[in-house]
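Peer 1: Heads up: the sequence lines are chains A and B, in that order. If you count by the working numbering, then the first sequence holds residues 166 to 377, one letter each, in order. If you count by the working numbering, then the second sequence holds residues 809 to 818, one letter each, in order.
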Amino acid sequence: MNIFRLLGDLSHLASIFILLHKIRTTKSCAGISFRSQALYVLVYLTRYLDLLWGPWLLYNTVMKLFFIGSSVYVLYLMKFDYKPSHDMGLDNFKVEYLIGGSFVMALLFNLAFTFDEVMWSFSLWLESVAILPQLFLLQRTGEAETITTHYIFALGAYRALYIPNWLYRWVMEGRVEFIAVFAGIIQTIVYADFFYVYFTKVIQGQKFELPA
Amino acid sequence: SAALETHDEL
Numbered sequence: 166m167n168i169f170r171l172l173g174d175l176s177h178l179a180s181i182f183i184l185l186h187k188i189r190t191t192k193s194c195a196g197i198s199f200r201s202q203a204l205y206v207l208v209y210l211t212r213y214l215d216l217l218w219g220p221w222l223l224y225n226t227v228m229k230l231f232f233i234g235s236s237v238y239v240l241y242l243m244k245f246d247y248k249p250s251h252d253m254g255l256d257n258f259k260v261e262y263l264i265g266g267s268f269v270m271a272l273l274f275n276l277a278f279t280f281d282e283v284m285w286s287f288s289l290w291l292e293s294v295a296i297l298p299q300l301f302l303l304q305r306t307g308e309a310e311t312i313t314t315h316y317i318f319a320l321g322a323y324r325a326l327y328i329p330n331w332l333y334r335w336v337m338e339g340r341v342e343f344i345a346v347f348a349g350i351i352q353t354i355v356y357a358d359f360f361y362v363y364f365t366k367v368i369q370g371q372k373f374e375l376p377a
Numbered sequence: 809s810a811a812l813e814t815h816d817e818l
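#1: Quick check: the Cα distance between A:Tyr167 and A:Pro329, rounded to an integer number of angstroms?
#2: What's the C-alpha gap between A:Phe318 and A:Leu272?
#3: Determine the burial state of A:His186: buried for a count of at least 16 other Cβ atoms within 10 Å of its Cβ, exposed for fewer.
#4: Is A:Ile354 buried or exposed, if buried means 16 or more other CB atoms sit within 10 Å of its CB?
#5: In chain B, which residues lie with their C-beta within 7 angstroms of the C-beta of A:Met228?
#6: Taking CB distances under 8 angstroms as the criterion, tell me whether A:Arg170 reaches chain B.
#7: Does the region 294 to 314 of chain A touch the region 250 to 266 of chain A, meaning 3 or more C-beta pairs lie closer than 8 angstroms?
#8: Using the beta-carbon of each residue, which ones in chain B are nearer than 7 angstroms to A:Trp285?
#9: Would you check if there are 3 or more beta carbon pairs closer than 8 angstroms linking the region 279 to 296 of chain A to the region 205 to 217 of chain A?
#10: If you compare alpha carbons, which of A:Val341, A:Phe343 and A:Asp252 is closest to A:Ala309?
#11: Would A:Glu292 be called buried (16 or more neighbouring beta carbons within 10 Å of its own) or exposed?
#12: State yes or no: is the beta carbon of A:Ala345 nearer than 8 angstroms to at least one beta carbon in chain B?
#13: Check each candidate in A:Leu172, A:Phe169, A:Leu184 and A:Leu178 and name the one with the smallest Cα separation from A:Thr311.
#14: Which of helix, strand or coil does DSSP assign to B:Ala811?
#15: Return helix, strand or coil for A:Ala277, following the three-state DSSP convention.
#16: With 8 angstroms as the threshold, decide whether the Cβ of A:Glu374 is near any Cβ in chain B.
#17: Kindly indicate the opening and closing residues of the alpha helix (DSSP H) around A:Met228.
#18: Please confirm whether any heavy atom of the ligand ADP lies closer than 7 angstroms to the CB of A:Arg334.
#19: Given that A:Asn225 touches chain B, what residues does it touch there, using C-beta distances under 9 angstroms?
#20: Could you give the DSSP three-state label for A:Phe258: helix, strand or coil?
#21: Count the other CB atoms, across all protein chains shown, that sit within 10 Å of the CB of A:Met243; report buried if there are 16 or more and exposed otherwise.
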């Protein structure tokens, strides 16, 4: 554990609390992509298969259970409690391509051609692009509530903070997880445009608006 | 999974 990884994980936790806070306080899931949220459930379920056989490190286990539980809970909230506020017409990014592409990448790049390693690799490739339906929805609506942009920022910052963590571990421990590193870099690039608008507008106190 | 590397990150 180093400071970058810890900050990354805290950013990930914060993103979920911001999302839940947004849904509760605005009593609406408007602007939140159901498709991205569903992809996150798939990401966590396929990555944390090792919960079934261990080893169960306390920190990791608690976090894994939280990420699975909270992502399923958000889906539940969107599907039932706050269903009418959901932008179903605009939230129509073709996730089949993201899932299919990630699966092909997982078949090509994995540590071993076993079910759990292919699923682990799949989860990383899928996570790297899982925000695309959310960014697509943002593009379609052209603007976003500030709290929604804080959510997306915290979620993107989590993986961006893992990059110095990997650099640190490579230098200090000689440890490199190539799949995680490549997928993490792709994920951060996917967020680049969003980060730019977030830093130039939201941080300056302006509304998140995309040029028409 | 343990043979090659253990995935100890989230």
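Even glycine gets a Cβ: it sits at the ideal position worked out from N, Cα and C. Computed from a prediction, not measured in an experiment: that's the story for all the values here.
Peer 2: Let's see:
#1: Here residue 167 of chain A turns out to be Asn, not Tyr, going by the sequence shown. So the alpha carbons of these two residues sit roughly 10 angstroms apart.
#2: Approximately 30 angstroms, taken between the alpha carbons.
#3: Here A:His186 is exposed, its C-beta having fewer than 16 other C-beta atoms within 10 Å.
#4: Only exposed fits A:Ile354, as fewer than 16 other CB atoms lie within 10 angstroms of its CB.
#5: The CB of A:Met228 comes closer than 7 angstroms to the CB of Leu818 in chain B, given here in chain order.
#6: With 8 angstroms as the cut-off, A:Arg170 counts as an interface residue toward chain B.
#7: Under the 8 angstroms Cβ criterion, the region 250 to 266 of chain A counts as touching the region 294 to 314 of chain A, having at least three qualifying pairs.
#8: At a beta-carbon threshold of 7 angstroms, the residues of chain B lying near A:Trp285 are His815, ordered along the chain.
#9: Three or more beta-carbon pairs separated by less than 8 angstroms link the region 279 to 296 of chain A to the region 205 to 217 of chain A, which places the two stretches in contact.
#10: Comparing alpha carbon positions, the residue from A:Val341, A:Phe343 and A:Asp252 closest to A:Ala309 is A:Asp252.
#11: Label assigned to A:Glu292: buried.
#12: Cβ-Cβ to chain B under 8 angstroms: yes for A:Ala345.
#13: Minimum Cα distance to A:Thr311 is reached at A:Leu184.
#14: Interpretation of B:Ala811 is limited by its pLDDT of 38, a score under 50 that renders its predicted location unreliable; the figure taken from the coordinates is listed afterwards. DSSP places B:Ala811 in the coil class of the three-state scheme, outside both helix and strand.
#15: Residue state, collapsed to three classes: coil.
#16: By this cut-off, A:Glu374 is not an interface position.
#17: From DSSP, the alpha helix (DSSP H) with A:Met228 extends over Leu223 to Tyr241.
#18: Because no ligand of any kind appears in the structure shown, any question about the ligand ADP cannot be addressed here.
#19: Neighbours of A:Asn225 on chain B, chain order: Asp816, Glu817 and Leu818.
#20: The DSSP-derived three-state label of A:Phe258 is coil.
#21: The C-beta of A:Met243 has 16 or more other C-beta atoms within 10 Å across all chains shown, which makes the residue buried.
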